[in-house]
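Counting from 1, one number per residue, gives the positions in the sequence shown under UniProt numbering. For glycine and all other residues, C-beta sits at the position ideal for the given N, C-alpha and C. Bear in mind the structure is a predicted one, so any value in this text is a computation, not a measurement. Here the structure comes first, spelled out in structure tokens, and everything after it is commentary.
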Amino acid sequence: VTLLRGTELCNRFNFIAASRINATLITKNPTSVKNDLVDRFMAAGDNTTPSLYFLPFNSGNGGHWVLVAMDISRLIVYYLDSLSGDWSKYPSMKKTVDAAIIKFRSKKNYRNRKDITWIRVQCPQQNNSVDCGFFVLRFMRDIIALNRIDIPKMVWNNNLGFILI
């Protein structure tokens with residue numbers, strides 16, 4: 001966050017703490033988690049300019065980490081997972097994120113022009129069972145370094161990280 005202060009990056013990239021939304025919390029109280037997400041969206045301003053909300057998501061009980069990057073102005077959610085699979089492994093997470101985006105847009109009286117689109121981003125895969133947290137951090141760093149929110153227009157290069165295509 002310190003690196004973003006005083007730059008336009010603060011307006012393009014937002015961070016949602018994993019302690020606010022994870023599988024364990026969703027299981028205990030999904031409505032509270034959804035409302036916390038809506039409050040975070042509300043605190044960031046009008047959200048009419050494309051920007052990304054980074055949500056490092058943990059599957060619970062010290063499990064797997066994935067990155068969910070939300071562009072709520074364009075109703076796009078990017079899913080980056082260093083293990084194979086997609087968001088269907090975490091249906092309660094997807095349902096909570098979708099409900100929060102819809103509720104936020106309703107509170108702001110924005111029209112829902114279309115359904116929320118989830119995109120699984122092609123990204124590097126870990127070759128062990130412990131590096132998922134590192135991959136999530138690396139994904140965020142590379143996306144911010146490129147200062148781009150259109151993640152599908154990026155491709156992974158093993159030597160350079162994400163690069164534009």
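- Boundaries of the beta strand (DSSP E) harbouring isoleucine 119: 117 to 120, taken from the DSSP string.
- Beta-carbon to beta-carbon, leucine 75 and isoleucine 101 are separated by about 7 Å, close enough to satisfy the 8 Å threshold.
- When secondary structure is reduced to three states using DSSP, aspartate 71 falls in the strand class.
- Under the three-state reduction of DSSP output, asparagine 11 falls in the helix class.
- About 20 Å separates the Cβ atoms of aspartate 71 and serine 88, ruling out a contact at the 8 Å cut-off.
- Between the C-alpha atoms of serine 106 and tryptophan 65 there is a straight-line separation of about 30 Å.
- For proline 124, there is no enclosing alpha helix (DSSP H), as DSSP gives it neither H nor E.
- Around the beta carbon of lysine 95, a 10 Å sphere encloses fewer than 16 other beta carbons of the protein chains shown; the residue is thus reported as exposed.
- Comparing C-alpha distances from phenylalanine 104 to each of Lys34, Asn14, Arg20 and Ile149 shows the shortest one belongs to Lys34.
- At a Cβ-Cβ threshold of 8 Å, phenylalanine 15 and leucine 80 do not count as neighbours.
- Around the beta-carbon of valine 97, 16 or more other beta-carbon atoms lie within 10 Å, marking it buried.
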